[in-house]
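Position in the sequence shown counted from 1, then plus 13, gives you this note's numbering. Where is the CB? At the ideal position from N, CA and C, for every residue including glycine. Owing to the predicted nature of the structure, the values given are computational and were not obtained by experimental measurement.
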Amino acid sequence: MLRRAHSAVVNLATRAVHLADGTTARRAELDRFDCLPREEQERIAMSRLRKLLAHAFERVPYYAQVAQQRGLKPEHFQTYDDLRKLPLLTKQIVQRRWDDLVARGGPSKHIKASFTGGSTGTPLSFLLDQQYRGYGAADKARCYERCDYSFGEPLVFIWGSDYDSAAHKSLPQKLLDRIGRNLLWVDTFNLSEELLERHSERIVAHDPVLIVGYLVSLTMYARFLRTRGGRRPSPRALQATAETLTQPDRKLLEETFDCRVFDRYGSREVGLIGHECEAHEGLHLSPMCNLTEVVDANDKPVAPGQTGRIVVTNLHNYAMPFIRYEVEDMAVPIQRFCSCGRASPLLERIIGRAGDVIISPSGKLIPGVFFVHNFGRLLSGRDLVKQYQVVQESRAELTIRLVPSEGADVATLQNELTDMIHQHADSAFVLTFEICDTIPSTSSGKYRFTISKLDQPFTGNSPGSDCQPDTDR
Ligand SMILES: [Zn+2]
Numbered sequence: 014m015l016r017r018a019h020s021a022v023v024n025l026a027t028r029a030v031h032l033a034d035g036t037t038a039r040r041a042e043l044d045r046f047d048c049l050p051r052e053e054q055e056r057i058a059m060s061r062l063r064k065l066l067a068h069a070f071e072r073v074p075y076y077a078q079v080a081q082q083r084g085l086k087p088e089h090f091q092t093y094d095d096l097r098k099l100p101l102l103t104k105q106i107v108q109r110r111w112d113d114l115v116a117r118g119g120p121s122k123h124i125k126a127s128f129t130g131g132s133t134g135t136p137l138s139f140l141l142d143q144q145y146r147g148y149g150a151a152d153k154a155r156c157y158e159r160c161d162y163s164f165g166e167p168l169v170f171i172w173g174s175d176y177d178s179a180a181h182k183s184l185p186q187k188l189l190d191r192i193g194r195n196l197l198w199v200d201t202f203n204l205s206e207e208l209l210e211r212h213s214e215r216i217v218a219h220d221p222v223l224i225v226g227y228l229v230s231l232t233m234y235a236r237f238l239r240t241r242g243g244r245r246p247s248p249r250a251l252q253a254t255a256e257t258l259t260q261p262d263r264k265l266l267e268e269t270f271d272c273r274v275f276d277r278y279g280s281r282e283v284g285l286i287g288h289e290c291e292a293h294e295g296l297h298l299s300p301m302c303n304l305t306e307v308v309d310a311n312d313k314p315v316a317p318g319q320t321g322r323i324v325v326t327n328l329h330n331y332a333m334p335f336i337r338y339e340v341e342d343m344a345v346p347i348q349r350f351c352s353c354g355r356a357s358p359l360l361e362r363i364i365g366r367a368g369d370v371i372i373s374p375s376g377k378l379i380p381g382v383f384f385v386h387n388f389g390r391l392l393s394g395r396d397l398v399k400q401y402q403v404v405q406e407s408r409a410e411l412t413i414r415l416v417p418s419e420g421a422d423v424a425t426l427q428n429e430l431t432d433m434i435h436q437h438a439d440s441a442f443v444l445t446f447e448i449c450d451t452i453p454s455t456s457s458g459k460y461r462f463t464i465s466k467l468d469q470p471f472t473g474n475s476p477g478s479d480c481q482p483d484t485d486r
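And the structure:
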């Protein structure tokens, strides 16, 4: 009774906040857009793009140069095909031309700096403005509710990023989470079996309707529950993110938690890119927020059913526009419409991102994303590394492969990385650095930011295997 009253109060409060901060209006706008015919969606999205380009060509030095060199004007962009008049924005360009990608003369208030260690191994920092965050929040709110979840109902985040988790560790924030959001935040970074046991009891006690988590954390938790037996939570749905959701992983999660699993795909640089709806017929894109292309090696759109590189244009971040940004994941687009009635385009599946769990000498289980976030934090704003990879050779030995940027002080960088790993992961790690020209992808075409040659605890992977073959999905 008390729980239900709590949920109802949080629901009311969240609605009031969303009404006041514009989330409700933006959600309605996005929902209306989803139901328009695709031609109408294209017309509206391209008109947004022209507005963004008018800003970028005038105020963002990098794009002013592109416009001048190619003789481009905003009115040259009428259909999705016209996007190809613009060059791709790679992570290397963002690293190299960072200052030139920041808009001049705009309001600096409400702009937040963010960064990623790059799940594809290239660290990056960037700026996000208020409009970007507003649309991002509205789109995310929709994707939670597509999992049959209403705000206020008990929610659990099982999150593999210590960077995100740090914000949920203070007492005031914990109170706000539990009372104000009915949210239990579980930090799965640095897991041990004992900690899993403790977390598991807390999760069961919270009785979540929805569990949102890093895929690696969710599968680890599922395998732990299956190994240990005992009580399991019974959520209505799971939402998995941060890595490719393969068919075996989906089956494992569905069977363990006896509920539906929703795939969600996004990146820190451009936000939510795709999300499954209740029909589970692919990931719905949201062209009102992100124009997503899937292109081949010649920058041409791939045919439906074919695999291509994902390129995203965010339509709302005027502080630092990401236009035709190469996310460095692959996807397979679908031509058909989803049976849910929304006309927004679909991706059949995502192929990308994978990382093994690293086991520290003292027995902590460290998800690969630990390295993604901590490399990102350490390298934020500095053009030092083009790519990296962490390989666990034995319980105590890590090999750090680095592709340094030109002119980078490699010795200092190695010292900083050593300090970071010793301080935040385990001081007993013995590190070897390997300086490389490139870091190859695995046989399945995926780049893996961490590779373990040890048995994978609760992950079902044998050493040295490609843990999530994309063809299985
Ligand atoms: Zn649908």
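### Message
Taking a contact to mean a Cβ-Cβ separation below 7 angstroms, would you say leucine 223 touches alanine 250 in this structure?
### Response
Yes, they are a contact pair.
### Query
Between isoleucine 323 and the rest of its own chain, which residues show a CB-CB distance below 7 angstroms, the 5 nearest in sequence each way excluded?
These residues qualify, in order along the chain: Thr305, Val307, Val340, Asp342, Met343, Ala344.
### Message
One question on the structure: do glutamine 348 and proline 317 come within less than 7 angstroms of each other, judged by their Cβ atoms?
### Response
Taking 7 angstroms as the Cβ cut-off, glutamine 348 and proline 317 qualify as a contacting pair.
### Query
Taking buried to mean at least 16 other C-beta atoms within 10 Å of its own C-beta, is methionine 14 buried or exposed?
Result: exposed.
### Query
By how many angstroms is the C-alpha of isoleucine 364 removed from the C-alpha of serine 457?
Only weak support is given to the placement of serine 457: the predicted model assigns it a pLDDT of 46, under 50, and the value that follows is read from those uncertain coordinates. So the two alpha carbons sit approximately 9 angstroms from each other.
#### Entry: Secondary structure of valine 385, DSSP reduced to three states
For valine 385, the three-state secondary structure derived from DSSP is helix.
#### Entry: Proximal residues to alanine 441 (C-beta, below 8 angstroms), its chain only, five neighbours per side dropped
Same-chain partners within the cutoff: Ser373, Pro374, Ser375, Ala409.
### Any chain D beta carbon closer than 7 angstroms to leucine 101
The displayed structure is made up of one protein chain only, and chain D is not part of it.
### Query
Under the rule that 16 or more other beta-carbon atoms within 10 Å means buried, what is leucine 360, buried or exposed?
With 16 or more neighbouring CB atoms inside 10 Å of its own CB, leucine 360 falls in the buried class.
### Task
Compute every distance between the C-beta of cysteine 290 and the non-hydrogen atoms of ligand 1, then say whether any falls below 6 angstroms.
Cysteine 290: yes, Cβ under 6 angstroms from ligand 1.
### Spatial distance of histidine 491 from leucine 391 (CA atoms)
This structure cannot speak to residue 491, because the chain is shown only from 14 to 486.
### Query
Taking the alpha-carbon positions, what's the phenylalanine 128 to leucine 296 distance?
Their backbone Cα atoms lie some 25 angstroms apart in a straight line.
### Query
Alpha carbon to alpha carbon, what distance is there between glutamine 405 and leucine 189?
Cα to Cα, the separation comes out at about 38 angstroms.
### Task
Output the residue ranges of the alpha helix (DSSP H) runs that lie fully inside the segment 97 to 152 and measure 4 residues or longer, sorted by chain position.
Look at the segment 97 to 152 and you find these whole runs of alpha helix (DSSP H), each 4 residues long or longer: 104 to 109, 111 to 114.
### Query
Would the beta-carbon of arginine 355 be found less than 6 angstroms away from any heavy atom of ligand 1?
Yes - ligand 1 has a heavy atom lying nearer than 6 angstroms to the Cβ of arginine 355.
### Query
Between which two residues does the alpha helix (DSSP H) containing phenylalanine 237 stretch?
Element bounds for phenylalanine 237: 228 to 241.
### lysine 264, enclosing beta strand (DSSP E) - first and last residue
Per DSSP, lysine 264 belongs to no beta strand (DSSP E); it is in the alpha helix (DSSP H), 260 to 270.
### Message
Does the distance between the C-beta of cysteine 48 and the nearest non-hydrogen atom of ligand 1 fall short of 6 angstroms?
### Response
Not under cutoff, so the answer is no.
### From Ala29, Gly420, Ser213, residue whose alpha carbon lies closest to that of leucine 193
The sequence shown places glycine at residue 193, rather than the leucine named in the question. Taking only the C-alpha atoms, the option nearest glycine 193 is Ala29.
#### Entry: C-alpha distance - glutamine 144 paired with glycine 242, whole-angstrom precision
Spanning the two alpha carbons is a distance of roughly 46 angstroms.
### Query
What residue range is occupied by the uninterrupted alpha helix (DSSP H) comprising threonine 37?
It spans 36 to 47 - the alpha helix (DSSP H) in which threonine 37 sits, taken as one unbroken run.
### Query
Near lysine 399, what residues of its chain come up, given a Cβ to Cβ distance below 8 angstroms and the 5 sequence neighbours on each side ignored?
When the five nearest sequence neighbours on each side are left out, the beta carbons in the same chain lying within less than 8 angstroms of the beta carbon of lysine 399 are those of Gln105, Gln108, Thr135, Val416, Pro417, Ser418, in order along the chain.
### Message
Per DSSP, what are the beta-bridge partners of glycine 284 in this structure?
### Response
According to DSSP, which records beta bridges pairwise, glycine 284 is partnered with Ser280.
### Close Cβ partners of glycine 149 (< 6 angstroms) along its chain, the five nearest in sequence each way excluded
When the five nearest sequence neighbours on each side are left out, the beta carbons in the same chain lying within less than 6 angstroms of the beta carbon of glycine 149 are those of Gly284, in order along the chain.
### Task
Go to histidine 293, then tell me how far its beta strand (DSSP E) extends in each direction, as first and last residue.
The continuous stretches of beta strand (DSSP E) do not include histidine 293, and DSSP gives it neither H nor E.
### Query
Under three-state DSSP, which class holds valine 73?
In the structure shown, valine 73 adopts coil according to DSSP, grouped into three states.
### Query
Can arginine 117 and arginine 63 be called in contact, C-beta distance under 7 angstroms?
Contact annotation: arginine 117 and arginine 63 have beta-carbon atoms that are not nearer than 7 angstroms.
### Message
Looking only at its chain, what residues have a beta carbon closer than 6 angstroms to the beta carbon of glycine 321, apart from the 5 residues adjacent to it on each side?
### Response
If we look at glycine 321 and ignore the five residues flanking it on each side, its Cβ neighbours are Val307, Val308, Asp309, Val315.
### Query
Exposed or buried, which one is glutamate 52 when buried takes at least 16 other CB atoms within 10 Å?
Around the beta carbon of glutamate 52, fewer than 16 other beta carbons lie within 10 angstroms, which makes this residue exposed.
### Query
Between the beta-carbon of alanine 253 and the beta-carbon of valine 274, is there less than 7 angstroms?
In contact: alanine 253 and valine 274 (Cβ atoms closer than 7 angstroms).
### Message
Please give the ranges of any beta strand (DSSP E) in the segment 155 to 216, keeping only runs that are unbroken, at least 3 residues long and fully inside the region.
### Response
Whole beta strand (DSSP E) segments, 3+ residues: 168 to 172, 196 to 200.
### Query
For asparagine 311, which residues does DSSP report across the bridge?
Bridge pairing for asparagine 311: absent [DSSP].
### DSSP three-state assignment for serine 465, whether helix, strand or coil
Serine 465 falls in the strand class under three-state DSSP.
### Message
So, with DSSP's three-state summary, where would you put asparagine 327?
### Response
Looking at asparagine 327 - three-state DSSP - the assignment turns out to be strand.
### Query
Identify the residues that DSSP records as bridge partners of leucine 415: which are they?
Beta bridge pairing from DSSP links leucine 415 with Tyr401, Ile448.
### Query
Considering only residues of the segment 335 to 381, which uninterrupted beta strand (DSSP E) runs meet the minimum length of 3 residues and lie entirely inside it, listed in chain order?
Secondary structure within the segment 335 to 381: the beta strand (DSSP E) runs of 3 or more consecutive residues, fully enclosed, are 338 to 347, 359 to 364 (chain order).
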